[in-house]
Amino acid sequence: MSSSKHDAFFAACAAGDVGALHDLLDRHPGLARERNRDGATGLHVAVRHPAAVRLLLERGADPNARDAGDNAIPLFGAAGGGPLESVRALLDAGSDVHGFGDVHRLEAIGSATVFGEINRDVVDLLVARGARHHVFSAIAMGDLDLLRRVVSDDPDAIRRRLSPFEQEQTALHYVIAPPDGLVGGVFRTGEHYRTLETLIELGADLEARDAKGRTPLAVAMLRGDWDAMRLLHAAGAREPESSPEPPPETPANLATSIRGVTPMLGVPDIDATVAWYRSIGFTLAESHGEEGRMDWACVSFGNAAIMFTTSTEPWRGQTAALSLWVYTDRLDDLYAFFKQRQLARAQAMLAGEAPDVPEVRFTVDLYTAFYGQREFGIRDPNGIELMFAQPVQ
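Using the numbering used here, you'd call the opening residue of the sequence shown number 665 and step up by one each time.
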């Protein structure tokens, strides 16, 4: 099959162009089960467009096809951000309501709850069709009675972990902070401390370590989350051991490693913003997005660069819309310096002492991003996020 027909088919799926899909599928019926360069089927790409989903299913698309990246069926994308009617069409066509086996260990119910704004109509439909909540979906729902029922029905549920892509977080880790490098968890409004208390009451392991070796208390200390620190400490959580040696460098020496700062601005419409910048001479240097729309972009003009991200998603309200990216060739030394300062301050607070150093709240702990750099984030007193980054060699 020609590349042009293939590309036109997936473009029509992304746009929900039912007329174009009718024409292409009439002439090339096999397209309904073809995959794109990323290993996704047309159904995976079209989940935001119910009419396109229904047409693809009528023409033989497999509602239980797995994509190549997440080993996820199309229902995951529909439940995680698509309209209710796409979810209904997939379920009516025989989609597995559970979807066990995805690499993130979330199942369809987790896709609908854990990393995005919850569409409760979608959740209700999944449950009505037989989906069962797990501990992470119950936490994301903010439903303490549901959380208690999940653990009562399966005592091992409290020990469930997210996948290595989410640092194998336990329920305690997850209720305190999203996995490093990921978003989601709009339930963290202040009311979520009741969920933390409930998890402690249900016997969650206070000393469980995530894939990076951090206990829930260590995560709370790094983030400067005093309420979480207090609850965990009062429940008997042990403080992480302090480093016996001072940081190897001073800020003055580390300053020589800094190579520049690139601002990232939150905007409502990245495509329109990039179009305007290109009209005045900027070049689109890099971008990322799905379904024909960008969710991140970087434009440049000579040596100047500006990054843009969407500011309309709910999680952006939890961080400043403005973040400054600082590139360095000594990321680990900077990380060690800030981490030791913040942990020392948190330990002083837990001991009832007045800290003698300013707070350095971590927004993102050190991790390796999928786009080829290692990074961590801290927040300044004004709420502006400073992201320190170093390309992977």
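Note that the Cβ used here is the ideal one computed from N, Cα and C, for glycine as well.
Item, Value
"So, with DSSP's three-state summary, where would you put Phe829?", "helix"
"Between the alpha carbons of Glu977 and Glu905, how many angstroms are there, rounded?", "Low confidence applies to Glu977: its pLDDT is 46, below 50, so where it sits in the model is not reliable, and the reading given next is rough at best. Between Glu977 and Glu905, the C-alpha separation is close to 37 Å."
"Going by C-alpha distance, which of Thr992, Val799, Ala710, Ser827 is nearest Val814?", "Val799"
"Is it true that the segment 961–974 meets the segment 929–936, where meeting means three or more beta-carbon pairs spaced less than 8 Å apart?", "yes"
"I need the straight-line Cα distance from Ala1012 to Ala1018, nearest angstrom please.", "7 Å"
"Spatial neighbours of Arg1109 within its chain, please: CB distance less than 8 Å, with the 5 preceding and 5 following residues excluded, ordered by chain position.", "This structure gives no information on residue 1109, because the portion of the chain shown stretches from 665 to 1057."
"What first and last residue would you give for the alpha helix (DSSP H) that runs through Val1024?", "Segment: none, Val1024 is in no alpha helix (DSSP H) and carries neither H nor E."
"For Glu1039, is the classification buried or exposed, using 16 other Cβ atoms within 10 angstroms of its Cβ as the cut-off for buried?", "buried"
"Measure the alpha-carbon distance for Ala725 versus Pro714 and round it to whole angstroms.", "14 Å"
"Can you tell me whether Phe1052 is buried or exposed? The criterion is at least 16 other CB atoms within 10 Å of its CB, across all chains shown.", "buried"
"Taking the CB atoms as reference points, tell me whether Leu739 and Asp785 lie closer together than 9 Å.", "no"
"Name the DSSP bridge partner or partners of Arg1043?", "Arg1025, Glu1049"
"Tell whether a beta-carbon distance below 9 Å holds between Ala716 and Val751.", "no"
"Phe674 lies in the alpha helix (DSSP H); which residues open and close that run?", "667–679"
"Among the residues of its own chain, which have a CB less than 7 Å from the CB of Asp889, if the five just before and after it don't count?", "Ile840"
"For Thr777, which residues does DSSP report across the bridge?", "Thr777 is not bridged to any residue."
"Alpha carbons only, please: which of Leu1050, Thr1032, Gly1036, Pro1045 is nearest the one belonging to Asp844?", "Thr1032"
"Among all the DSSP beta bridges, which residues are the ones paired with Phe972?", "Leu929, Ala961"
"Out of curiosity, what's the CA-to-CA distance linking Asp671 and Glu698?", "11 Å"
"Looking at Pro747 and the ligand GDP, is the gap between the Cβ and the nearest heavy atom below 8 Å?", "Only the bare structure without any ligand can be found here, which leaves the ligand GDP out of the picture."
"Is it a yes or a no for the segment 862–875 touching the segment 809–826, going by three-plus beta-carbon pairs under 8 Å?", "yes"
"If you draw a straight line from the C-alpha of Ile803 to the C-alpha of Pro842, how long is it?", "12 Å"
"Just to check my reading of the structure: Val767 and Ala776 have Cβ atoms closer than 8 Å, yes? What is that Cβ distance to the nearest angstrom?", "Val767 to Ala776, Cβ: 17 Å. No contact."
"Secondary structure at Ser759, three-state DSSP: helix, strand or coil?", "coil"
"Please state whether DSSP places Ser943 in a helix, a strand or coil.", "helix"
"By how many angstroms is the C-alpha of Thr947 removed from the C-alpha of Leu721?", "40 Å"
"Determine the closest residue to Leu808 out of Ile1048, Glu865, Met885, with distance taken between C-alpha atoms.", "Glu865"
"Note the first and the last residue of the continuous beta strand (DSSP E) segment covering Val990.", "986–992"
"Return helix, strand or coil for Pro1055, following the three-state DSSP convention.", "strand"
"Tell me, which residues are paired with Arg699 by DSSP?", "Thr705"
"I need the DSSP call for Gly924, collapsed to helix, strand or coil.", "strand"
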